[in-house]
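So the structure is just underneath, and the comments pick up after that.
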Ligand SMILES: Cc1cc2nc3c(=O)[nH]c(=O)nc-3n(C[C@H](O)[C@H](O)[C@H](O)COP(=O)(O)O)c2cc1C
Ligand code: SF4
Ligand code: FES
């Protein structure tokens, strides 16, 4: 999905404008941009640097430091599996292996049909009801591979 | 006749279907539905409560297909049913706890200011405003409250430093990053009783002379973010935030900031960098944030539960809080039972309860029904402990003496299928992924740590590599700027110490040294 340059500029300016009065607003601005564009396109960096009077390196450094900011568009649905200890203790690693092989992708990758992007997360704060998996915006507890397949199937 | 029914809006309850249950129950015209926080009995979620003359009667865990049957037996009158638990506040699991910080969580409607006041909310702030700043801080100091975010630093001393710092602009920052696996108490307080945090921060602002505050919430907690934002708006509307709070002349503005998926931003200086819009790289201390914090101004940085304990301390007095606990660990701690556990959830009780009591009595042992083998306390940087250490009392000093840490009070249980060499490897892997990158022992040491443990698992020069691992742990402990690199050796070493047999297994059958080497190369 190619983004129109005018769109990017408009989104970036809009996000900067919305946070004009915030102190140290780069993170909220990046969250806004990612929400609108789906990811932080490479062309965002120079525009944002100029708007905020920062160096490109500063902006690039921030974008790449945080796990949340994507450099590429995600698939239609994002599946995020918790890999932290509490979820491991109830089989998160096994679940991960199964999901990876069923989808044929590794963490950080999108299925060839653009349907699902798989990501790892360390803890959703649902550690008493693991394995925890987030599908799109929705969090699921006590997840297993079959249920996850069902959820994905229902979401198609 | 309308009947009040509670169905939690807590994200753990929602993860197992609370929204669907709530929607189904709300269809009945007799029902007045309230979305409360969770009582913390997470294995009973979704826990539905019906208000009857006998009290709030609980049913749980309710599945969507149970709703029809519940209506059929007349659960709106508290009728008997296979899922009926009886009056919820009389359940032994809950009744035997000492709920102070969590007194209102699960009880009230989190977004009702009336409910909040009716259940004792705002009493702490009113009290504080009738006292001088020094008196408020003295009260917090006398309560013995220590930071609940992990390090256990006395809160009163931190506040005094900020009060004494001269500056026209000061901040109060709430650390709601809660990245530790096995911890969810901050999230539950924010989702279940957000006004307590807002009130605690306002008291802090008054005590030190701050006018602005931020709650830094991790992005993995969208529900907490949304509840907090709504609560802040309601608080402004009631004059609990903004200018001239409660007619006292106090000004305090509060906003939520969302993180972006970086564990290290839970460390306080890194969180401040992130709030300033930068990469979350640790700052060397000194100067301490109390003197040189957000944008260089004097700043209080406190955990959600530290700030959330303050209203009760002011309302009920320092002595009431200090009366709980053991030694220098005063008050209650909100323990979080997680992982492979039958009855996971929140246990708020005085310090001094033993680890075994938490796991076996409250937790009911493993969820899988297999023997418990290891418990990790205090998050990913905390030690793994064997069952033989279950007599340890939960107490900062006792844990430190045992080479472990209480941290944020998270307890993660593993059964006997756990492979402790793999857990040690994961500790290093986690450090490698989440290191801020500032210092070499942490950034590179953790990567080397993974490799060395892989060799040990594969059986290559085992004894030499164990020595090397020990040496690497020494280096990381001594040479790291913060606890990320400095404490990663804790889970690693505790695993080697208490579970040596897992580091000495023959390589899995059919897994030759050649294959091990290849998989090592591939992982590079
Ligand atoms: C790697 C690392 C991660 C941390 N994560 C958190 C966290 O998620 N929440 C928190 O309150 N404190 C965290 N801390 C501790 C904070 O640096 C700080 O001590 C604390 O927020 C101070 O508040 P308190 O005194 O109320 O505990 C972390 C520390 C380190 C070294
Ligand atoms: S120990 Fe690790 S996380 Fe901490 S400052 Fe050094 S590199 Fe950063
Ligand atoms: S460890 Fe998976 S949700 Fe906390």
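Chains as they are written, first to last, in the working numbering: chain S, 1 to 156; chain G, 1 to 524.
Ideal Cβ positions, reconstructed from N, Cα and C, are used throughout, including at glycine.
{"Query": "According to DSSP, which residues form a beta bridge with residue 414(G)?", "Result": "374(G)"}
{"Query": "Using a Cβ-Cβ distance cut-off of 8 Å, determine whether residue 239(G) contacts chain S.", "Result": "no"}
{"Query": "Give the C-beta separation of residue 358(G) and residue 335(G) to the nearest angstrom, bearing in mind that I take them to be a contact with Cβ-Cβ under 8 Å.", "Result": "6 Å"}
{"Query": "May I have a chain-ordered list of the beta strand (DSSP E) segments no shorter than 3 residues that lie completely inside the region 132-180 of chain G?", "Result": "171-176"}
{"Query": "By Cβ distance below 6 Å, which residues in the same chain neighbour residue 353(G) in space, the five residues on each side in sequence not counted?", "Result": "394"}
{"Query": "With a cut-off of 8 Å, does the C-beta of residue 151(S) fall near any C-beta of chain G?", "Result": "no"}
{"Query": "Is the distance from the Cβ of residue 79(S) to the Cβ of residue 135(S) below 8 Å?", "Result": "yes"}
{"Query": "Evaluate residue 289(G) with the Cβ neighbour count: other Cβ atoms within 10 Å of its Cβ, from every protein chain shown; 16 or more gives buried, anything less gives exposed.", "Result": "buried"}
{"Query": "Is any heavy atom of ligand 2 found at a distance shorter than 7 Å from the C-beta of residue 39(G)?", "Result": "no"}
{"Query": "If I measure Cβ to Cβ from residue 73(G) and keep anything under 8 Å in the same chain, skipping five residues before and after, which residues do I get?", "Result": "79, 80 and 81"}
{"Query": "Nearest-angstrom Cα distance between residue 255(G) and residue 493(G)?", "Result": "41 Å"}
{"Query": "What are the complete alpha helix (DSSP H) segments, minimum 4 residues, inside the region 70-124 of chain S?", "Result": "85-88 and 92-103"}
{"Query": "Quick check on residue 328(G): buried or exposed, where buried means 16 or more other Cβ atoms within 10 Å of its Cβ?", "Result": "exposed"}
{"Query": "Quick one: which chain G residues come within Cβ less than 8 Å of residue 126(S)?", "Result": "11, 12, 15 and 184"}
{"Query": "Which residues have their C-beta within less than 5 Å of a heavy atom of ligand 3, listed in chain order?", "Result": "82(S), 84(S), 86(S), 87(S), 123(S), 124(S), 126(S), 127(S), 130(S), 132(S) and 181(G)"}
{"Query": "I'd like to know whether the C-beta of residue 220(G) is nearer than 8 Å to at least one C-beta of chain S.", "Result": "yes"}
{"Query": "For residue 88(S), count the other beta carbons within 10 Å of its own beta carbon; 16 or more makes it buried, fewer makes it exposed. Which is it?", "Result": "buried"}
{"Query": "DSSP state of residue 302(G), grouped into three classes?", "Result": "strand"}
{"Query": "Quick one: is the Cβ of residue 430(G) within less than 7 Å of any heavy atom of ligand 1?", "Result": "no"}
{"Query": "Taking the alpha helix (DSSP H) that residue 462(G) falls in, what are its first and last residues?", "Result": "462-479"}
{"Query": "Compute the Euclidean distance between the alpha carbons of residue 281(G) and residue 439(G), then round it to the nearest angstrom.", "Result": "10 Å"}
{"Query": "Are the beta-carbon atoms belonging to residue 154(S) and residue 110(S) less than 8 Å from one another?", "Result": "no"}
{"Query": "Excluding the 5 residues preceding and the 5 following residue 509(G) in the sequence, name in chain order all residues of the same chain whose CB lies nearer than 7 Å to its CB.", "Result": "Caution applies to residue 509(G), whose pLDDT of 45 falls short of 50 and renders its modelled position unreliable; the model cannot decide the point."}
{"Query": "Within 10 angstroms of its Cβ, does residue 38(G) collect 16 or more other Cβ (buried), or is it exposed?", "Result": "buried"}
{"Query": "From residue 48(S) to residue 139(G), what does the alpha carbon distance come to, in whole angstroms?", "Result": "47 Å"}
{"Query": "Please report how far the alpha carbon of residue 233(G) lies from the alpha carbon of residue 287(G), in whole angstroms.", "Result": "34 Å"}
{"Query": "If you drop the 5 nearest sequence neighbours on each side, which residues of the same chain put their C-beta closer than 8 Å to that of residue 95(S)?", "Result": "81, 131, 133, 143, 144, 145 and 148"}
{"Query": "When the cut-off is 8 Å and only beta carbons count, does residue 28(S) lie next to chain G?", "Result": "yes"}
{"Query": "What are the start and end residues of the beta strand (DSSP E) that includes residue 255(G)?", "Result": "253-258"}
{"Query": "Residue 278(G) CB to nearest chain S CB: under 8 Å?", "Result": "yes"}
{"Query": "Just to confirm, is the Cβ distance from residue 428(G) to residue 449(G) under 8 Å?", "Result": "yes"}
{"Query": "CB residue 209(G) to CB residue 171(G), shorter than 8 Å?", "Result": "no"}
{"Query": "So does residue 309(G) have its beta carbon nearer than 7 Å to some heavy atom of ligand 1?", "Result": "no"}
{"Query": "In or out: residue 49(G) buried (at least 16 other Cβ within 10 Å) or exposed?", "Result": "buried"}
{"Query": "Indicate, with yes or no, if ligand 1 has a heavy atom lying under 7 Å from the CB of residue 153(G).", "Result": "yes"}
{"Query": "Answer yes if the region 145-158 of chain G comes into contact with the region 220-235 of chain G, meaning at least three C-beta pairs across the two stretches below 8 Å, and no otherwise.", "Result": "no"}
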